[in-house]
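Note that the sequence shown covers residues 1 to 237 in our numbering.
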Amino acid sequence: MNVIQAVKVNRSFVNGKETSHVLKDIDLTVEQGEFISIMGPSGSGKSTLLYLLGGLDMPSDGTVSINGTDLSTLKDKELCSMRNRDIGFVFQFYNLVPNLTVEDNIALPLMIAGRKRSEYKDKLEECLEIIGMKDKRKLTPRELSGGQQQRVAIARALVFDPKIIFLDEPIGNLDTKTGIKLMELFRDINQKYNKTIVQVTHSESAALYGSKLIKLVDGQITSVEEITPDMKINTVS
Ligand SMILES: Nc1ncnc2c1ncn2[C@@H]1O[C@H](COP(=O)(O)OP(=O)(O)O)[C@@H](O)[C@H]1O
Ligand SMILES: [Mg+2]
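Spelled out as structure tokens, the structure:
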């Protein structure tokens with residue numbers, strides 16, 4: 001089943017008299033359970049595409065559908081609740097609240113949605129378990145390493161049990177060893193916890209954790225290829 005479908009998606013930004021045409025006629029289908037890696041040079045439109053696929057931004061032309069619903073047909077409120085329910089985002093710079101504990105950072109989307117602690121207690125435990133940080137629950141972000149902070153951001157993206165997780169350069173700010181550990185976590189989240197993943201990455205070895213590689217150059221898709229086990233063996237050391 002298609003979870004995301006982009007048809008002839010274009011995105012332009014108007015800045016005074018100048019218009020930059022950042023995405024050009026993007027056609028893209030993401031199926032349930034896939035792990036898509038998007039690679040491309042800096043400025044090629046990767047983040048712009050990711051935000052469009054996740055409903056954080058709207059195309060200038062063309063359509064993005066999630067689970068068969070064209071996002072442009074939704075009212076703001078419907079779009080918001082769809083995003084909360086179906087989608088999780090993880091960014092390069094964790095975006096945690098510095099003075100909240102690990103567990104409150106993770107539960108923040110639930111608190112904002114007005115859920116009671118008793119309702120989300122089990123979900124919080126499960127998310128702490130997935131990221132392996134039960135023993136760090138009372139710490140604040142400044143007491144954590146970069147990799148641990150990103151784990152908290154991952155747990156926060158999982159609290160609503162979304163079907164799709166979007167990752168924008170999730171290991172871009174981390175050392176290689178920490179990056180590998182996080183990629184292994186994303187692989188588990190894809191395979192064990194059955195989440196569809198779309199990631200943007202600069203790293204070829206990180207890209208190869210996915211099941212499909214999409215290359216983006218100057219706002220256009222230049223190639224789409226299945227990632228086969230032999231590609232992983234050749235490149236990941
Ligand atoms: N909100 C915006 N307003 C104007 N230009 C933008 C905006 N967002 C992105 N761009 C431009 O679109 C191009 C692609 O940006 P981006 O998607 O962030 O690239 P990437 O993630 O591949 O590095 C860049 O030239 C950037 O300056
Ligand atoms: Mg980017």
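Virtual Cβ for every residue (Gly too), placed ideally from N, Cα, C.
Hey, is residue i close to ligand 2, as in C-beta under 6 Å from one of its heavy atoms?
i	result
Ser-47	yes
Would you grab the beta carbon distance between residue i and residue j for me? Rounded to a whole angstrom, and I think it's under 8 Å.
i	j	result
Ala-206	Leu-213	Actually they do not touch by this definition, with Cβ atoms about 11 Å apart.
Met-231	Tyr-209	The pair is not a contact, with the Cβ atoms about 11 Å apart (cut-off 8 Å).
Ala-107	Asn-84	Not confirmed; about 14 Å, so no contact.
Lys-138	Leu-144	Their Cβ separation, rounded to whole angstroms, is 12 Å, which puts Lys-138 and Leu-144 out of contact at 8 Å.
Pro-170	Gln-150	6 Å
Ile-130	Ala-155	7 Å
Thr-196	Gln-5	Contact doesn't hold; Cβ gap of about 13 Å is too wide.
Thr-73	Leu-100	Actually they are not in contact, since the Cβ atoms of Thr-73 and Leu-100 sit about 36 Å apart, beyond 8 Å.
Ser-211	Phe-35	5 Å
So, residue i versus residue j, is the Cβ gap smaller than 7 Å?
i	j	result
Leu-50	Asp-168	yes
Gly-88	Ile-189	no
Val-262	Ala-153	For the chain, the structure presents residues 1 to 237; residue 262 sits outside this window and is missing.
Gly-146	Leu-174	yes
Lys-192	Met-39	no
Val-9	Pro-41	no
Leu-28	Gly-55	no
Arg-11	Thr-69	no
Val-30	Val-7	no
If we define contact as Cβ-Cβ less than 7 Å, is residue i a contact residue for chain D?
i	result
Gly-54	Included in the structure is just one protein chain, with no chain D present.
For residue i, is the beta carbon positioned less than 6 Å from some heavy atom of ligand 1?
i	result
Phe-166	no
Val-22	yes
Phe-13	yes
Gly-179	no
Gly-43	yes
Cβ pair count under 8 Å reaching 3, the region 23 to 35 against the region 214 to 226: yes
Every unbroken alpha helix (DSSP H) within the region 16 to 57, with a cutoff of 4 residues, ordered by chain: 46 to 53
Contact the region 224 to 232 vs the region 197 to 204: 3+ CB pairs below 8 Å: no
Cβ contact check for the region 144 to 162 and the region 60 to 80: 3 or more pairs under 8 Å: no
Given 8 Å, three or more beta-carbon pairs between the region 114 to 128 and the region 90 to 100: The region 114 to 128 is not in contact with the region 90 to 100.
Contiguous beta strand (DSSP E) assignments of at least 3 residues, all confined to the region 58 to 90: 61 to 66, 87 to 90
Length at least 3, wholly inside the region 192 to 233: the beta strand (DSSP E) runs in chain order: 196 to 200, 212 to 217, 220 to 226
Alpha helix (DSSP H) runs wholly inside the region 140 to 184, at least 4 long, in chain order: Fully enclosed alpha helix (DSSP H) runs of 4 or longer: 146 to 158.
3 or more residues per run - each beta strand (DSSP E) lying fully within the region 97 to 121: Qualifying beta strand (DSSP E) stretches: none in this window.
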